[in-house]
Amino acid sequence: MSSQPLIQARVCFAGGQRARVLTFDGECDAYLSGTLEFLAESAADLPATGDIVLVRPIDAATVLIEQVLPRRTKLSRRAAGTRHEEQVLAANVDLALILCGLDGDFNARRIERYLAVAHEGGVEPVIVLNKADCCDDREERLAAARAVAGDSLVLLISALSGEGCEALAGLLAPGVTAVLLGSSGAGKSTLLNRITGSALHLTAAVS
Ligand SMILES: Nc1nc2c(ncn2[C@@H]2O[C@H](COP(=O)(O)OP(=O)(O)OP(=O)(O)O)[C@@H](O)[C@H]2O)c(=O)[nH]1
Ligand SMILES: [Mg+2]
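Residue numbers for the sequence shown follow our numbering, so the first one is 28 and each next one is one higher.
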């Protein structure tokens with residue numbers, strides 16, 4: 028087995044000892060090698076969604092992850108508990124789409140927190156204000172979002188009607204990895220359904 032050469036793959040799901048990875052031949056199940064687990068100094072050293080990894084094929088449908096290649100960018104948070112370990116939510120992300128509803132979901136402080144997470148990990152943030160179709164004071168909320176946005180792009184869309192979605196889809200060029208960030212009800216699934224079929228490389232939808 029160990030004579031099998033290592034090949035490069037991308038992690039599309041990571042959950043404890045198990046993962047799913049994409050190789051040039053398609054998607055398959057993956058397990059962590061003993062060496063990888065032994066050498067990991069913390070959970071942040073283990074594969075996360077979006078990681079580029081070196082894997083060793085075990086059979087046609089299974090590989091062992093031997094190595095996690097250095098991350099270009101990442102989205103992390105402090106894990107709950109006393110040790111405050113870093114939890115990597117997604118790795119090698121190009122765009123963090125910070126989705127915020129213009130309804131009762133709107134919260135400029137929350138947008139600021141997501142911006143901080145993106146900047147800390149070297150990810151370009153884009154603020155996406157959703158539900159433009161059902162908001163009476165959209166100009167006021169747009170101004171509030173722009174006030175915290177800094178240099179980041181702010182888009183106004185309706186995932187339901189499609190308004191503004193072409194501009195957003197235009198950011199998702201082939202090879203771009205984007206992550207949707209936003210609270211429950213912000214419209215992540217609705218937006219994803221609308222833009223499915225464009226050049227989106229989804230890594231994770233994170234509440
Ligand atoms: N009016 C309006 N409603 C929207 C829009 N986008 C989403 N919604 C509605 O908002 C509700 C929540 O949308 P979801 O797409 O399920 O939200 P989500 O972010 O995926 O939520 P979780 O999966 O719980 O994290 C649904 O009832 C959608 O139909 C929009 O642009 N306009
Ligand atoms: Mg959803």
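A virtual CB, placed ideally from N, CA and C, is assigned to each residue, including glycine.
| Item | Value |
| --- | --- |
| Thinking C-alpha only, which one of S185, R98, I222 is nearest C161? | S185 |
| Name the one or two DSSP bridge partners that F40 has. | R47 |
| So, are the CB atoms of V90 and P74 less than 8 angstroms apart? | no |
| Drop a sphere of 10 angstroms on the beta-carbon of F65, count the other beta-carbons inside from all chains shown, and report buried for 16 or more, exposed for fewer. | exposed |
| If you drop the 5 nearest sequence neighbours on each side, which residues of the same chain put their C-beta closer than 7 angstroms to that of E217? | Checking the sequence, you will find Thr at residue 217 rather than Glu. Only A186, L187 meet the Cβ criterion. |
| With distance defined between alpha-carbon atoms, name the residue in G149, V155, S60 nearest to A135. | V155 |
| How many Å lie between A231 and Q31 at the Cα? | Confidence is the limiting factor: at A231 the pLDDT is only 45, short of 50, which leaves the residue's position unreliable and the question unanswerable from this model. |
| Beta-carbon within less than 6 angstroms of R168's beta-carbon, same chain only, minus the 5 sequence neighbours each way: which residues are those? | L129, F133 |
| Please report how far the alpha carbon of F51 lies from the alpha carbon of R99, in whole angstroms. | 21 angstroms |
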